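Enquirer: Encoded as structure tokens, here's the structure I'll be asking about.
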Amino acid sequence: MRRAKPLLGTLVSIDVDGVEEALFIEASDRAFARIAAIHAAMSFHEAGSDLRALARARAGDTLPLHADTRAVLQLALAFETQSGGAFNACCAATLVARSLLPAPDDASSPQASTLAEAIEPLPDDRVRVLRPGWIDLGGIAKGYAVDSAVDELLRAGVHDGIVNAGGDLRVFGGRCTTIHLRDPRSPGVTLSMAEVQDMACATSAWSLTAPESKAAHVVGPLGDNAPMSVTVFAPSCAAADALTKIVWLRRDAAADLLRAHGAHALMLREDGSMHRL
Amino acid sequence: MSTLRWLSGAALAAPTLVQAAQYATLDEAARRSFPEATAFREQLVPPAADEHRAAPWRMLVALKGEQVLGVVVADAVVGKFELIDYAVGIGHDGKLRNVEVLAYRESHGYEIKLPAWRAQFVGKDAHSALRVGEDIANVSGATLSCTHVTDGVRRIVAMVERLRTSGRL
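Note that the protein sequences, when read in sequence, are chains A and B. If you read the first sequence in our numbering, its first letter stands for residue 3, the second for the next number, and so on. If you read the second sequence in our numbering, its first letter stands for residue 4, the second for the next number, and so on.
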């Protein structure tokens, strides 16, 4: 059984096996609602979101946040530390400058250049603002939303399925699934990459049909011989999502961090060559 | 237990055309929007003069006995490569109840007719292996945009609001 909704700015689908329709509808309703709530809390576009509240805050303010936002910020801080700064969620000002995000008209001027400079997580879902910062969680929140949807499905009694948020996906339960990669050289074609069980996968790519997107989504120096597409397999979709950005910037130097997360990466270059990490 | 097995280089060279996914029928979307409904009545609504639209809107009016619970409106939007059928459930109070994607189709047909496109597979025994996929559930890659659906939902909400306020619903 399957179902899809437009969420997170993309098509989010839930495919499951072995359950009655009534249970599927109830469980998928909960999973979709959880994704919608995560989107509302972590959208830089929405003035009512946690991220916009953080962008308005002044140094020394203490803000109550949604538990999900707090959890994603904590994950983003950990990836920033582990990647030596390659993963940087405090990048919204750069994305605004590239017109990838709208300029907020109600924000303090951004001063922090890393997440660790910007916030300090406190107990009880609060954070302290150290220096005002414009935070974008686009590099990790979609993966976290997929993981949260899987949690909701499991809690509701659905034990086997796939949640796919526009290409960031997680396979859970006993099924063995072949994961295909959309070929960035030709978006109508997919290539079989790997067979997985209980595994998440995320891809970050630019497309030949939209070359202007080449480096638009990555903040940092790309260097020579950059890949067109980076796919990361990891036990959680949040980790897969975050690690794609780190592999873009660090490439082979990201191997140890991938191993530490039980993750693997595949880079595809414009000439069609593949490189696994 | 998380496991991963890379497929061989040959499998990577055997491309599949992403094609379509069917998620729900309009009837299923209607029942999911209004589980308490006892009947649905089909109604066609001609587009208003200021709507740039040739076809009438197809909608199902959700009923519980004689009482109108709301409507479910079907629509389709066309993106760069994709066609998305979707349905929007709106309560009699004008509130959005549910948005359900019914079907997703990609059209890259023109692309495979281009010699340059075909040339990339020469020597990889790929022509024979070019399969037509039926699924996008297990495809990873650059994010599809659903902006057109979001815009479509907004248009439908406005259209239903006009019907409500003019007493035609």
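We put the CB at the ideal spot given by N, CA and C, even for glycine. The structure presented is a predicted model; accordingly, all values stated were derived computationally and were not measured.
If you check the beta carbons only, do Cys-239 (chain A) and Gly-175 (chain A) fall under 8 Å apart?
Expert: Taking 8 Å as the Cβ cut-off, Cys-239 (chain A) and Gly-175 (chain A) do not qualify as a contacting pair.
Enquirer: Kindly list, in the order they appear in chain B, the residues whose Cβ is closer than 7 Å to that of Ala-196 (chain A).
Expert: Ordered by position in chain B, the residues that pass the 7 Å Cβ test against Ala-196 (chain A) are Leu-7, Arg-8, Trp-9, Leu-10.
Enquirer: Counting contacts by CB-CB distance shorter than 8 Å, is Phe-235 (chain A) in contact with chain B?
Expert: Closer than 8 Å: yes.
Enquirer: What residues are listed by DSSP as bridge partners for Gln-199 (chain A)?
Expert: Beta-bridge pairing links Gln-199 (chain A) to B:Thr-6.
Enquirer: In the structure shown, what three-state DSSP assignment does Asp-149 (chain A) receive?
Expert: Correct three-state label for Asp-149 (chain A): helix.
Enquirer: By how many angstroms is the C-alpha of Asp-258 (chain A) removed from the C-alpha of Thr-192 (chain A)?
Expert: Rounded to the nearest angstrom, the two C-alpha atoms are 29 Å apart.
Enquirer: So with CB distances below 8 Å, who are the chain A contacts of Phe-37 (chain B)?
Expert: The contacting residues do not exist; Phe-37 (chain B) stays about 13 Å from chain A at best.
Enquirer: Name the two residues that bound the continuous alpha helix (DSSP H) containing Gln-113 (chain A).
Expert: Note, Gln-113 (chain A): premise wrong, no alpha helix (DSSP H); not H, not E.
Enquirer: With 8 Å as the threshold, decide whether the Cβ of Met-4 (chain B) is near any Cβ in chain A.
Expert: Output row for Met-4 (chain B): interface = yes.
Enquirer: Please return the same chain residues whose Cβ sits closer than 7 Å to the Cβ of Glu-103 (chain B), not counting the five positions on each side in sequence.
Expert: Hits under 7 Å: Ala-27, Ala-32, Arg-35, Tyr-89, Ala-90.
Enquirer: Taking DSSP as the reference, what is the three-state secondary structure of His-130 (chain B)?
Expert: Caution applies to His-130 (chain B), whose pLDDT of 41 falls short of 50 and renders its modelled position unreliable; the value that the coordinates give is listed next. Correct three-state label for His-130 (chain B): coil.
Enquirer: Taking the C-alpha atoms as reference points, what is the distance between Ala-13 (chain B) and Met-276 (chain A)?
Expert: Residue placement at Ala-13 (chain B) cannot be trusted, given a pLDDT of 49 that sits under 50; what the coordinates show is reported in the next sentence. Each residue's alpha carbon lies about 12 Å from the other.
Enquirer: May I ask you to report which of helix, strand or coil DSSP gives Pro-97 (chain A)?
Expert: The question names Pro, but residue 97 (chain A) is Leu in the sequence shown. Three-state DSSP puts Leu-97 (chain A) in a helix.
Enquirer: Fully enclosed by the segment 48-77 of chain A, which alpha helix (DSSP H) runs are 4 residues long or longer?
Expert: Counting only runs of 4 or more, we get 52-58.
Enquirer: Please classify Ala-236 (chain A) as buried or exposed, where buried requires at least 16 neighbouring CB atoms within 10 angstroms.
Expert: With 16 or more other Cβ atoms within 10 Å, it is buried.
Enquirer: For a cutoff of 8 Å on Cβ pairs, would you count Gly-144 (chain B) as touching chain A?
Expert: Closer than 8 Å to some Cβ of chain A, the Cβ of Gly-144 (chain B) qualifies, so yes.
Enquirer: Just mark Glu-119 (chain A) as buried or exposed, buried being the case when its beta carbon has 16 or more other beta carbons within 10 Å.
Expert: Looking at its Cβ environment, which holds fewer than 16 other Cβ atoms inside 10 Å, Glu-119 (chain A) is exposed.
Enquirer: Report the rounded CA-to-CA distance for Leu-72 (chain B) versus Val-163 (chain B), giving the unit in angstroms.
Expert: Rounded to whole angstroms, Leu-72 (chain B) to Val-163 (chain B) spans 13 Å at the Cα level.
Enquirer: Count the other CB atoms, across all protein chains shown, that sit within 10 Å of the CB of Lys-247 (chain A); report buried if there are 16 or more and exposed otherwise.
Expert: Lys-247 (chain A) should be labelled buried.
Enquirer: Rounded to whole angstroms, what's the CA-CA distance from Asp-154 (chain B) to Leu-13 (chain A)? Just pull it up for me.
Expert: For Asp-154 (chain B) and Leu-13 (chain A), the distance between alpha carbons rounds to 14 Å.
Enquirer: Thinking C-alpha only, which one of A:Gln-84, A:Val-160, A:Arg-133 is nearest Ala-256 (chain A)?
Expert: Looking at the Cα atoms, A:Gln-84 is the closest of the given residues.
Enquirer: Under the three-state reduction of DSSP, which class applies to Phe-37 (chain B): helix, strand or coil?
Expert: Coil.
Enquirer: Could you tell me the alpha carbon to alpha carbon distance between Glu-109 (chain B) and Val-198 (chain A), rounded to whole angstroms?
Expert: Distance between the alpha carbons of Glu-109 (chain B) and Val-198 (chain A) is about 25 Å.
Enquirer: Which residues share a DSSP beta bridge with Leu-268 (chain A)?
Expert: Paired residues: A:Thr-233, A:Arg-278.
Enquirer: Would you mind stating whether Ala-202 (chain A) and Leu-171 (chain A) have Cβ atoms separated by less than 8 Å?
Expert: In this structure, Leu-171 (chain A) lies closer than 8 Å to Ala-202 (chain A) by Cβ.
Enquirer: Using 8 Å as the Cβ pair cut-off and three pairs as the minimum, do the segment 94-101 of chain A and the segment 23-35 of chain A touch?
Expert: With the cut-off at 8 Å, the segment 94-101 of chain A and the segment 23-35 of chain A do not touch.
Enquirer: Quick check: the segment 105-120 of chain A against the segment 141-156 of chain A, are at least 3 beta-carbon pairs closer than 8 Å?
Expert: With a cut-off of 8 Å, the segment 105-120 of chain A and the segment 141-156 of chain A do not count as touching, because too few Cβ pairs lie within range.
Enquirer: What is the C-beta distance between Val-131 (chain A) and Leu-56 (chain A), in whole angstroms, given that I count them as a contact (C-beta under 8 Å)?
Expert: Going by Cβ atoms, the distance from Val-131 (chain A) to Leu-56 (chain A) rounds to 7 Å, so yes, they are a contact pair.
Enquirer: Give the range of the alpha helix (DSSP H) segment to which Lys-7 (chain A) is assigned.
Expert: Lys-7 (chain A) -> not in any alpha helix (DSSP H); beta strand (DSSP E) instead, spanning 4-9.
Enquirer: Do Ile-139 (chain B) and Ala-24 (chain B) have their C-beta atoms closer together than 8 Å?
Expert: Taking 8 Å as the Cβ cut-off, Ile-139 (chain B) and Ala-24 (chain B) qualify as a contacting pair.
Enquirer: Identify the contact partners of Leu-20 (chain B) in chain A, using a Cβ-Cβ distance below 7 Å as the criterion.
Expert: Neighbours of Leu-20 (chain B) on chain A, chain order: Gly-190, Val-191.
Enquirer: How far does the beta strand (DSSP E) with Ser-15 (chain A) in it reach, from first residue to last?
Expert: 12-18 is the extent of the beta strand (DSSP E) around Ser-15 (chain A).
Enquirer: Grab me the residues of Asp-53 (chain B)'s own chain with a C-beta within less than 6 Å of its C-beta, minus the 5 sequence neighbours each way, in chain order.
Expert: Excluding sequence neighbours, Asp-53 (chain B) sits near nothing in its chain.
Enquirer: Would you grab the beta carbon distance between Val-74 (chain B) and Ile-93 (chain B) for me? Rounded to a whole angstrom, and I think it's under 8 Å.
Expert: Contact flag correct, Cβ pair sits at about 6 Å.
Enquirer: Quick one: using the 10 Å Cβ neighbour count with 16 as the cut-off for buried, is Arg-252 (chain A) buried or exposed?
Expert: Flag for Arg-252 (chain A) reads buried.
Enquirer: At which residues does the beta strand (DSSP E) containing Thr-179 (chain A) begin and terminate?
Expert: Taken as a continuous stretch (DSSP letters only), the beta strand (DSSP E) holding Thr-179 (chain A) covers 179-184.
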